[in-house]
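Since the structure comes first, as C-alpha cells, the remarks are kept for the end.
Number of protein chains: 2
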Amino acid sequence: MTADTANHENASRDRIEQTILSAAEQVFSQHGYRGASLQAIADIAGLPKANILYYMGSKQLLYVRLLNRMMNRWNAVLEDITPDSDPAKVLSDFIRTKMMLGQRYPEGSKLFAAEILAGAPFLSNYLSGELKEWVVSRAEIIHQWSQLGKMDDVDPRWLIFLIWSATQHYTEYSAQVTGILGTEVLSETDFESICRFLEHVILKGCGISASHLSNDSSV
Amino acid sequence: MTADTANHENASRDRIEQTILSAAEQVFSQHGYRGASLQAIADIAGLPKANILYYMGSKQLLYVRLLNRMMNRWNAVLEDITPDSDPAKVLSDFIRTKMMLGQRYPEGSKLFAAEILAGAPFLSNYLSGELKEWVVSRAEIIHQWSQLGKMDDVDPRWLIFLIWSATQHYTEYSAQVTGILGTEVLSETDFESICRFLEHVILKGCGISASHLSNDSSV
DNA sequence: AACAATATTGACCGATCGGTCAGAACAATC
DNA sequence: GATTGTTCTGACCGATCGGTCAATATTGTT
Numbered sequence: 001m002t003a004d005t006a007n008h009e010n011a012s013r014d015r016i017e018q019t020i021l022s023a024a025e026q027v028f029s030q031h032g033y034r035g036a037s038l039q040a041i042a043d044i045a046g047l048p049k050a051n052i053l054y055y056m057g058s059k060q061l062l063y064v065r066l067l068n069r070m071m072n073r074w075n076a077v078l079e080d081i082t083p084d085s086d087p088a089k090v091l092s093d094f095i096r097t098k099m100m101l102g103q104r105y106p107e108g109s110k111l112f113a114a115e116i117l118a119g120a121p122f123l124s125n126y127l128s129g130e131l132k133e134w135v136v137s138r139a140e141i142i143h144q145w146s147q148l149g150k151m152d153d154v155d156p157r158w159l160i161f162l163i164w165s166a167t168q169h170y171t172e173y174s175a176q177v178t179g180i181l182g183t184e185v186l187s188e189t190d191f192e193s194i195c196r197f198l199e200h201v202i203l204k205g206c207g208i209s210a211s212h213l214s215n216d217s218s219v
Numbered sequence: 001m002t003a004d005t006a007n008h009e010n011a012s013r014d015r016i017e018q019t020i021l022s023a024a025e026q027v028f029s030q031h032g033y034r035g036a037s038l039q040a041i042a043d044i045a046g047l048p049k050a051n052i053l054y055y056m057g058s059k060q061l062l063y064v065r066l067l068n069r070m071m072n073r074w075n076a077v078l079e080d081i082t083p084d085s086d087p088a089k090v091l092s093d094f095i096r097t098k099m100m101l102g103q104r105y106p107e108g109s110k111l112f113a114a115e116i117l118a119g120a121p122f123l124s125n126y127l128s129g130e131l132k133e134w135v136v137s138r139a140e141i142i143h144q145w146s147q148l149g150k151m152d153d154v155d156p157r158w159l160i161f162l163i164w165s166a167t168q169h170y171t172e173y174s175a176q177v178t179g180i181l182g183t184e185v186l187s188e189t190d191f192e193s194i195c196r197f198l199e200h201v202i203l204k205g206c207g208i209s210a211s212h213l214s215n216d217s218s219v
C-alpha cells in the first residue's frame, strides 16, 4: 500500500471500472436490480465474473454506485433561478436540458426509472430528502412568478412533474416511441420538433409569452 | 373431458386464476419479467409453486396473459372521435380517462412500463402494428382539427405522447411522486388538481378554447 | 360403491444465482 | 534475482431459478 492510496492515478483501474459501469448500466437498465445478473454484466464487459466482484465488491455496491453517478449528472439543473428570472427562458432551457440528458444518458435514465418502478428501495431517502427539497424550493420560485403576473397560477409541482414526464418519455419509452414512429432511433429532426412542441404547449399553456423565441411559427 | 370444455363455467378455477394473476401482476410490475420469480408469486397467492405452473403453464405464458389483459383494458379509448368532435371535450376526456386507468390498474400500468423499459421483447409486434395504426389514425383526426382552425397546428403524435407520459407519470413514478409530496398515496384532492392542471395547460397550450369547462379558474 | 377426471403438491432436476477463495500471473521495489 | 503487493480467474459454495413428475387427494358421474 503506497502513500497515495486514496488519490493515486491508476489509469488502468479507472478504465476497467468504467467498462464495468457501462456494461452494468446496460443490464440494470433493461432488467432492473433483481433481473440483472453479474454474469451478463461480465459477458458484456468481456471480463470473468469474479473480476466484476473484485472491482465492485458486490452487486448492490455496483448498483448504488450507478445510481449515484446518474444522480450527479442531474445536478446543476434549474439551480440558479430567481424570482427575477424570465420564465420563458428558464422553462424552455429546462425542457431542452432534460431532453438532452435523456438522449445523452439513456441507460442511466432507464436505470433510474426501473428503480422507481420497483418502489425506489435504494432511493427513498433521496426522494423524500434532497429531491423533495429541490422541488419545494423550485416550486416556491415558480409560485412567485405567478404572483408577479409572469404566468398563470398553476401548481408548480404539477408543472415540474409534467416537464419531467414529457421529456423522460422519449428515453424510457424509446422502445414504444420508435415502434410507433417506425424508426430505429429518434432523428435529429424529430428531436428538435419535440422540443419546439413541448416549449410551445407548456409555455403557452402556462400563460407565458415566449419573449426570446422568435421562430415558433412551426411546431 | 366433457363436451363444454371450452365454455364451461368453473367458478373455483376462475377464482384461483384471478388470485394468481393478481399476485403475478404485483411481482412482475415491481421486478420485471426476469426479476420476478414464480416462488414470490406463489407466496403472495398463498399457493405452492407447482400449482402456479399447473394453472398457467409457464412463466412466459403467465406473463403474456397479463400483458394481454392489461392491453384489453386500454381499448375503447379515443375510439369514436371524428373531425367533427370537440377537441376540448375529447382531449379532456382523454386526459381524465388515462389518469383514471392508471389509478385503477397501477400494477398493470407498471407491468407495461417495465416491459417497455426492457425493450418490449414481447410487445414489439403490438407496438409497431395495432398501436401504431391507432396512433396514426388518431393523429389524422387531430390534424384535421388543426386544419379546421379548432386548434394550433401541433404535431399530433407529440401531443398523444405528451398526454400518455403526463398521465402515466403518476402511476409509474408513484414512488417518486409520493416521496416528494410526503404522502403515502395520492389524495382525491391532488388527483382532481392534477387533472385540472393538465387540462388547463394542454388545452390552452394547443390553442383550444375550453368550451365546456365552466370552472377553470383555479388550476 | 365404483370408476374416471381433475386438482394438488412434495420431491426432485439441471441451470444459474451472488459470492468466496486459493493460487497463478503480473508489476514494482530493493 | 529475490521479495512484496496487486491483479486476475478457475473452481467451488449454498441458495434459488423455472420446470417436471409421480403420487395423492378431491370431485363428478353413473
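Going line by line, the protein sequences match chains A and B.
By UniProt numbering, the letter at position 135 of the first sequence is numbered 135, and the numbering carries on one by one without gaps.
By UniProt numbering, the letter at position 89 of the second sequence is numbered 89, and the numbering carries on one by one without gaps.
The beta carbon of each residue, even a glycine, is placed where N, CA and C say it ideally should be.
Check your understanding: Between the region 193 to 203 of chain A and the region 82 to 101 of chain A, do three or more beta carbon pairs fall short of 8 Å?
Key -> At 8 Å Cβ cutoff, the stretches touch.
Review point. In its own chain, which residues sit with a C-beta less than 6 Å from the C-beta of residue 101 of chain B, not counting the 5 before and 5 after it?
Key: Hits under 6 Å: none found.
Practice item. Report yes or no: is there a C-beta of chain A within less than 8 Å of the C-beta of residue 96 of chain B? Key: So no, residue 96 of chain B is outside the interface.
Practice item. Measure the CB-CB distance between residue 169 of chain A and residue 161 of chain B and report whether it falls below 8 Å. Key: By the CB criterion at 8 Å, residue 169 of chain A and residue 161 of chain B fall inside the cutoff.
Exercise for review: Measuring alpha carbon to alpha carbon, tell me which of B/182, B/179, B/167 and B/173 ends up nearest residue 192 of chain B.
Suggested key: Considering only alpha carbons, the answer is B/167.
Point to revise | the region 20 to 28 of chain B touching the region 36 to 46 of chain B, judged by at least three CB pairs closer than 8 Å | key: In short, these stretches touch, since the Cβ pair count reaches three.
Check your understanding: What residues in the UniProt domain "HTH tetR-type" (14 to 74) of chain A have a beta carbon less than 9 Å from any beta carbon of chain B?
Key -> With the criterion set as a beta carbon lying under 9 Å from some beta carbon of chain B, the members of the UniProt domain "HTH tetR-type" (14 to 74) of chain A are 29, 30, 31, 32, 33, 34, 35, 36 and 37, in sequence order.
**Study point:** Straight-line gap, residue 178 of chain A to residue 116 of chain B (C-alpha atoms, nearest Å)
**Key:** Residue 178 of chain A and residue 116 of chain B have their C-alpha atoms roughly 11 Å apart.
Exercise for review: Taking only beta-carbon positions, decide if residue 76 of chain A is within less than 8 Å of chain B.
Suggested key: No - not a single Cβ of chain B is within 8 Å of the one on residue 76 of chain A.
Exercise for review: Please work out which residues of its chain come closer than 8 Å, Cβ to Cβ, to residue 135 of chain B, disregarding the five sequence neighbours upstream and downstream, and give them in chain order.
Suggested key: Answer for residue 135 of chain B: 157 and 160, listed in chain order.
Exercise for review: Using beta-carbon positions only, say whether residue 73 of chain B and residue 108 of chain B come within less than 8 Å of one another.
Suggested key: Yes, the Cβ-Cβ distance between residue 73 of chain B and residue 108 of chain B is below 8 Å.
Practice item. Give the straight-line distance between the Cα atoms of residue 50 of chain B and residue 12 of chain B, rounded to the nearest whole angstrom. Key: Between residue 50 of chain B and residue 12 of chain B, the C-alpha separation is close to 18 Å.
Review point. Any beta-carbon of chain A closer than 8 Å to the one on residue 155 of chain B?
Key: Under the 8 Å criterion on CB atoms, residue 155 of chain B is classed as interfacial with respect to chain A.
Check your understanding: residue 33 of chain B and residue 63 of chain B: beta carbons closer than 8 Å?
Key -> Remark: C-beta atoms of residue 33 of chain B and residue 63 of chain B approach each other more closely than 8 Å.
Practice item. Find out if the Cβ-Cβ distance for the pair residue 131 of chain A, residue 180 of chain B is shorter than 8 Å. Key: The answer is yes: Cβ separation under 8 Å.
Practice item. Out of A/163, A/139, A/164 and A/79, state which residue places its alpha-carbon closest to the alpha-carbon of residue 153 of chain A. Key: Checked all of A/163, A/139, A/164 and A/79; the closest Cα to residue 153 of chain A is A/139.
**Study point:** Where the alpha helix (DSSP H) containing residue 33 of chain A begins and where it ends
**Key:** Per DSSP, residue 33 of chain A is one residue of the alpha helix (DSSP H) stretching across 11 to 35.
Review point. Is the beta carbon of residue 189 of chain B less than 8 Å from the beta carbon of residue 106 of chain B?
Key: Pairing residue 189 of chain B with residue 106 of chain B gives a Cβ-Cβ distance that is not under 8 Å.
Check your understanding: So, using beta-carbon positions, are residue 69 of chain A and residue 127 of chain A closer together than 8 Å?
Key -> For residue 69 of chain A and residue 127 of chain A, no; Cβs fall outside 8 Å.
Point to revise | Same chain, Cβ closer than 6 Å to residue 36 of chain B, neighbours up to 5 away in sequence not counted | key: Counting only Cβ-Cβ distances below 6 Å, and skipping sequence neighbours, we find 27 and 28.
Check your understanding: If residue 208 of chain A sits next to residue 88 of chain A, beta carbons under 8 Å apart, how far is it from one beta carbon to the other, in whole angstroms?
Key -> Contact check for residue 208 of chain A and residue 88 of chain A: beta-carbon distance about 5 Å, within the 8 Å limit, so the pair qualifies.
Review point. Within this structure, are the beta carbons of residue 118 of chain B and residue 31 of chain A separated by less than 8 Å?
Key: Yes.
Review point. Count the other CB atoms within 10 Å of the CB of residue 184 of chain B; is the residue buried (16 or more) or exposed (fewer)?
Key: By the neighbour-count rule (16 or more Cβ atoms within 10 Å), residue 184 of chain B is not buried but exposed.
Exercise for review: Output the distance between the C-alpha atoms of residue 3 of chain A and residue 53 of chain B, rounded to the nearest integer angstrom.
Suggested key: Residue placement at residue 3 of chain A is flagged as unreliable, the pLDDT there being 33, under the threshold of 50; the coordinate-derived value follows with that caveat. Each residue's Cα considered, the two are about 59 Å apart.
Check your understanding: Relative to the alpha-carbon of residue 148 of chain B, which residue among B/83, B/164 and B/57 has its alpha-carbon at the smallest distance?
Key -> Cα-wise, what sits closest to residue 148 of chain B is B/83.
Practice item. Return no unless some Cβ of chain B is closer than 8 Å to the Cβ of residue 89 of chain A. Key: Look at residue 89 of chain A: its C-beta is not under 8 Å from any C-beta on chain B.
Review point. From this set, A/71, A/67 and A/90, which residue's C-alpha is nearest residue 78 of chain A's C-alpha?
Key: The residue with the shortest Cα to Cα distance from residue 78 of chain A is A/90.
Check your understanding: In three-state DSSP terms, what is residue 43 of chain A?
Key -> Residue 43 of chain A sits in a helix when the DSSP states are folded into three classes.
Review point. Using a C-beta cutoff of 8 Å, does residue 113 of chain A count as contacting chain B?
Key: It does: the Cβ of residue 113 of chain A has a partner Cβ on chain B nearer than 8 Å.
Point to revise | Residue-level contact to chain B via CB, residue 172 of chain A, 8 Å cutoff | key: Yes - at least one Cβ of chain B is within 8 Å of the one on residue 172 of chain A.
Exercise for review: Check distances from the C-beta atoms of the region 189 to 214 of chain A to those of chain B and list, in chain order, the residues that come in under 8 Å.
Suggested key: Of all residues in the region 189 to 214 of chain A, only 193, 194, 197, 198, 200, 201, 202, 203, 204, 205, 206 and 207 place a beta-carbon less than 8 Å from a beta-carbon of chain B.
Point to revise | Under 7 Å (Cβ pairs) to chain B, residues found in the region 116 to 133 of chain A | key: Residues passing the 7 Å Cβ filter: 116, 117, 118, 119, 120, 124, 127, 128, 131 and 132.
Point to revise | Partners in chain B for residue 165 of chain A, counting only beta-carbon separations shorter than 8 Å | key: Neighbours of residue 165 of chain A on chain B, chain order: 165, 166, 168, 169 and 173.
Point to revise | In chain order, each beta strand (DSSP E) run of at least 3 residues that lies wholly inside the region 151 to 206 of chain B | key: Within the region 151 to 206 of chain B, no run of beta strand (DSSP E) at least 3 residues long lies entirely inside it.
Review point. Is the Cβ of residue 101 of chain B closer than 8 Å to any Cβ of chain A?
Key: It does not: the Cβ of residue 101 of chain B has no partner Cβ on chain A nearer than 8 Å.
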